[in-house]
Amino acid sequence: MTGPRHTRAWLLLAAAVPLSVYAALFFGSYPLSAAAIHEALTAWLRGGPETQDLVIVRDIRLGRIILSFLTGSALAVSGGVFQGLLRNPLADPFTLGISSGAACGAALALGFGWALPGPSALPLAALAGAFAAMGMVLGLSRLAGDFSRESLVLGGIVVSTFLGALIALIKSLNEESVSAIVFWIMGSFQGRGFDHVGVMLPYLAVGGATVFLLARELDILALGTEQAAQVGVAVKRVRIALLVGAGMLTAAAVSVSGIIGFVGLVVPHLVRMLVGPDSRRLLLFSALGGGILLLWSDVLARTILTHGAELPVGVLTALFGGPFFCLIMARRRTA
Amino acid sequence: MRVTDDRGVEILLDAPAARIVPLYGAFGEILADLGREEAVAARTAADDFPPAIASKPSIGTHLRPNAELILGLSPDLVVQLGGRPEALEAVRFLEERGLTVAVFDLENFGQLFSVMERLGVLTGSGERAAERTAAMRAELAAIGAAPAGPQPRIFFEARYPNLLAAGQGSMVAEIMAAAGGRNCVEAPDKLVRLGEEEVLRLAPDIYLMQQGPMNPSPVPLAERPLFRTLPCLGTGQVFTVDQALFSRPGPRSIEAVRQLSTIIANWKTEVRP
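Protein chains in written order, with this note's numbering: chain A, 1 to 335; chain B, 336 to 608.
And the structure:
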């Protein structure tokens with residue numbers, strides 16, 4: 001792909017973001033005409049009275065749209081980083097056990113009814129679990145002495161398995177909470193909004209800045225540890241910084257949404273096929289593509305059923321993402 | 336003693352059951368209501384009503400009863416709730432080991448009365464069952480005969496966050512109808528996952544949130560920013576109710592109807608447009 005084509009693709013995707021946000025405002029179970037939506041937006045911008053229409057358009061729909069976009073972006077970017085860093089095309093944001101950690105934090109809060117006040121309590125419990133898991137994986141890898149790809153993946157498997165058993169234990173001890181825990185794990189933006197954007201934003205900012213600033217080093221690391229060291233990259237420090245940065249993105253995403261699979265696996269793959277392996281481009285395009293994909297997946301999840309019932313968006317992404325990923329792999333093989 | 340359970344299986348006992356293991360709390364409550372509390376040989380882990388039940392040995396949970404403990408109690412009757420395939424796994428296991436297991440569905444008042452009558456037959460307390468169901472029917476009829484007026488549209492929150500509401504197929508919908516209101520959630524299921532936007536669309540006249548193991552610490556509606564424009568919040572028609580009364584179909588469901596009919600009567604006199 002040539003430079004101007006990259007620019008065109010970038011412009012197209014960048015334009016698709018506001019268009020998607022705007023178009024998604026029109027979907028929901030509450031009947032709102034285009035005029036009512038525009039009136040609510042105008043009232044918001046002019047500081048007008050707080051009507052029910054305004055609450056629905058701004059706090060419920062827009063809050064959820066922005067949250068799903070940011071979550072999709074975070075998952076796709078961290079997927080791109082993990083795939084590059086671990087030099088494993090099947091790595092995804094959950095490879096290092098971060099999702100299991102978040103799920104464990106949420107399961108503890110839900111299972112034992114920890115009555116932390118406010119809508120941010122559950123995401124914060126999940127976030128704490130995600131960071132604890134990441135710390136455990138990094139600790140295990142450090143015990144192995146090198147933060148190598150193998151020790152990280154192995155640490156991720158060990159931590160995931162252990163935390164998976166812990167979640168099963170919590171479910172087993174709290175039968176009444178099983179459905180709440182299972183539903184959280186399936187991934188959903190039901191009931192989420194600007195409060196949750198507030199919870200994830202600091203981690204997105206720090207994690208995103210870290211991985212984008214180190215994107216060039218990520219490319220150099222792909223050449224091999226020795227080669228990277230020869231050109232002056234502080235391999236160990238950069239690797240840890242990238243892991244922590246991408247881990248923060250994953251933790252922030254999972255803490256507000258639950259576990260949403262395949263976005264972080266499929267999007268970087270697709271983007272790599274379109275724009276090549278350059279990490280700066282890959283991460284930028286993944287951020288936009290992942291965000292748009294999850295935004296529309298959530299629109300589908302909250303409108304596909306009748307009577308206002310909702311589907312967990314994580315189930316939808318897995319249902320569509322799984323076969324789609326198989327198709328990509330098959331086509332690559334035949335190519 | 337001969338009845339047919341809700342699987343269509345004939346349950347035959349030579350004598351009234353004297354050692355019964357109810358695998359769902361409501362059956363223990365029904366047996367106590369029939370005056371056969373002493374026949375209850377065990378309880379499931381979460382059961383604490385009536386208080387005397389608490390001293391009975393626990394045999395695990397409703398969905399995962401401990402077969403070894405049940406067999407050890409040598410009951411002459413085990414009663415299990417129908418509907419869930421995983422609950423019937425335990426039934427198969429116990430039947431294969433020679434125990435008599437009756438499976439009853441319990442989702443509405445009609446089924447509740449039918450179960451009470453059939454348990455009455457199996458425990459030799461048919462007369463008491465007839466009296467109790469007649470009294471309960473009469474009370475429901477009396478509540479239903481309250482002065483007519485607009486029916487409030489009621490929303491029942493089973494759990495929040497990850498909002499779960501009672502649908503038309505729930506016992507709660509029956510309680511609402513018996514109390515003179517109606518469930519504003521139209522989905523036919525027992526429980527439905529809904530977004531906040533749908534609650535705003537439904538704009539219920541009365542909002543009930545249950546408190547119990549499923550929803551241990553309900554967040555007050557006023558503290559949920561997305562619900563702040565709900566009209567029922569402004570009119571003060573938001574109530575916390577006991578999960579054990581509203582979500583467990585049993586003799587105490589009548590108490591739930593009584594409580595809700597009081598709420599509805601107040602709504603009619605103080606709030607209705």
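Positions of the beta carbon are idealized from the N, C-alpha and C atoms, including for glycine.
Terminal residues of the continuous beta strand (DSSP E) containing residue i?
| i | result |
| --- | --- |
| Pro347 of chain B | First, the amino acid is wrong: residue 347 of chain B is Leu here, not Pro. Segment 345 to 347, the beta strand (DSSP E) holding Leu347 of chain B. |
| Glu492 of chain B | 488 to 494 |
| Ala500 of chain B | 499 to 501 |
| Leu526 of chain B | 526 to 528 |
To the nearest angstrom, how far is it from the Cα of residue i to the Cα of residue j?
| i | j | result |
| --- | --- | --- |
| Thr396 of chain B | Ile157 of chain A | 32 Å |
| Thr303 of chain A | Phe189 of chain A | 13 Å |
| Leu366 of chain B | Arg536 of chain B | 42 Å |
| Arg342 of chain B | Tyr22 of chain A | 53 Å |
| Ile56 of chain A | Leu561 of chain B | 8 Å |
| Val554 of chain B | Leu295 of chain A | 28 Å |
| Val344 of chain B | Thr468 of chain B | 23 Å |
| Gly145 of chain A | Val153 of chain A | 14 Å |
| Thr435 of chain B | Glu403 of chain B | 15 Å |
| Met1 of chain A | Val17 of chain A | Residue placement at Met1 of chain A cannot be trusted, given a pLDDT of 49 that sits under 50; what the coordinates show is reported in the next sentence. Straight-line Cα distance between these residues: approximately 22 Å. |
| Arg5 of chain A | Val275 of chain A | 9 Å |
| Gly314 of chain A | Asp349 of chain B | 54 Å |
| Glu431 of chain B | Ala425 of chain B | 10 Å |
| Phe325 of chain A | Pro93 of chain A | 16 Å |
| Val263 of chain A | Arg488 of chain B | 40 Å |
| Val199 of chain A | Ala465 of chain B | 58 Å |
| Gly363 of chain B | Phe384 of chain B | 8 Å |
| Glu521 of chain B | Thr564 of chain B | 21 Å |
| Leu204 of chain A | Ser172 of chain A | 34 Å |
| Leu122 of chain A | Glu421 of chain B | 30 Å |
| Val414 of chain B | Pro357 of chain B | 5 Å |
| Leu284 of chain A | Ala579 of chain B | 52 Å |
Just to make sure I have the definition right: I need the residues of chain B whose C-beta is within less than 8 Å of the C-beta of residue i. Which are they?
| i | result |
| --- | --- |
| Val55 of chain A | Leu535, Leu561, Arg563, Thr564 |
| Asp59 of chain A | Pro560, Leu561 |
| Ser29 of chain A | Gly530, Glu532, Glu533, Arg536 |
| Arg216 of chain A | Per Cβ cutoff of 8 Å: no residues; Arg216 of chain A is ~41 Å from chain B at best. |
| Leu122 of chain A | Pro496 |
Considering residue i, what are the terminal residues of the alpha helix (DSSP H) in which it resides?
| i | result |
| --- | --- |
| Ala477 of chain B | 461 to 479 |
| Val211 of chain A | 194 to 213 |
| Leu154 of chain A | 149 to 173 |
| Ala389 of chain B | Element bounds for Ala389 of chain B: n/a, residue is neither H nor E. |
| Asp298 of chain A | 279 to 303 |
| Met186 of chain A | 178 to 186 |
| Met347 of chain A | Since the first residue of chain A shown is 1 and the last is 335, residue 347 of chain A is not available in this structure. |
| Thr250 of chain A | 235 to 257 |
| Ile65 of chain A | 63 to 85 |
| Ile37 of chain A | 34 to 45 |
| Pro123 of chain A | 121 to 144 |
| Met451 of chain B | 444 to 457 |
| Pro420 of chain B | 420 to 431 |
| Thr225 of chain A | 225 to 230 |
| Ile98 of chain A | 98 to 111 |
From the DSSP output, which residues share a beta bridge with residue i?
| i | result |
| --- | --- |
| Gln415 of chain B | B:Val438 |
| Asn601 of chain B | Its beta-bridge partners do not exist; DSSP assigns none. |
| Asn518 of chain B | B:Ile489 |
| Gly395 of chain B | B:Pro400 |
| Ala309 of chain A | B:Leu529 |
Under 7 Å Cβ-Cβ, which residues of chain B neighbour residue i?
| i | result |
| --- | --- |
| Trp184 of chain A | Asn497 |
| Gln52 of chain A | Leu535, Thr564 |
| Ala309 of chain A | Ala522, Val527, Arg528, Leu529 |
| Gln190 of chain A | Asn497, Leu498, Arg528, Gly530 |
| Leu193 of chain A | Rather than Leu, the amino acid found at residue 193 of chain A in this sequence is Gly. Within chain B, the residues near Gly193 of chain A are Leu561. |
| Arg302 of chain A | Gly530 |
At a CB-CB cut-off below 9 Å, which residues of chain A make contact with residue i?
| i | result |
| --- | --- |
| Met549 of chain B | Glu176, Ser177, Ser179, Ala180 |
What does residue i touch in chain A if you count any residue whose Cβ is under 7 Å from its own?
| i | result |
| --- | --- |
| Thr396 of chain B | Glu175 |
| Arg494 of chain B | Ala180 |
Residues of chain B with a CB under 9 Å from the CB of residue i: which are they?
| i | result |
| --- | --- |
| Arg239 of chain A | Simply none; closest approach about 37 Å. |
- Query: Going along the chain, which unbroken runs of the alpha helix (DSSP H) with 4 or more residues stay wholly within the region 540 to 595 of chain B?
  - Reply: Runs of the alpha helix (DSSP H) inside the region 540 to 595 of chain B: 566 to 569, 578 to 581.
Would you list, in sequence order, the uninterrupted beta strand (DSSP E) runs of no fewer than 3 residues that lie entirely inside the region 338 to 383 of chain B?
Annotation note: the region 338 to 383 of chain B contains the following uninterrupted beta strand (DSSP E) runs of length 3 or greater, listed N- to C-terminal: 345 to 347, 355 to 357.
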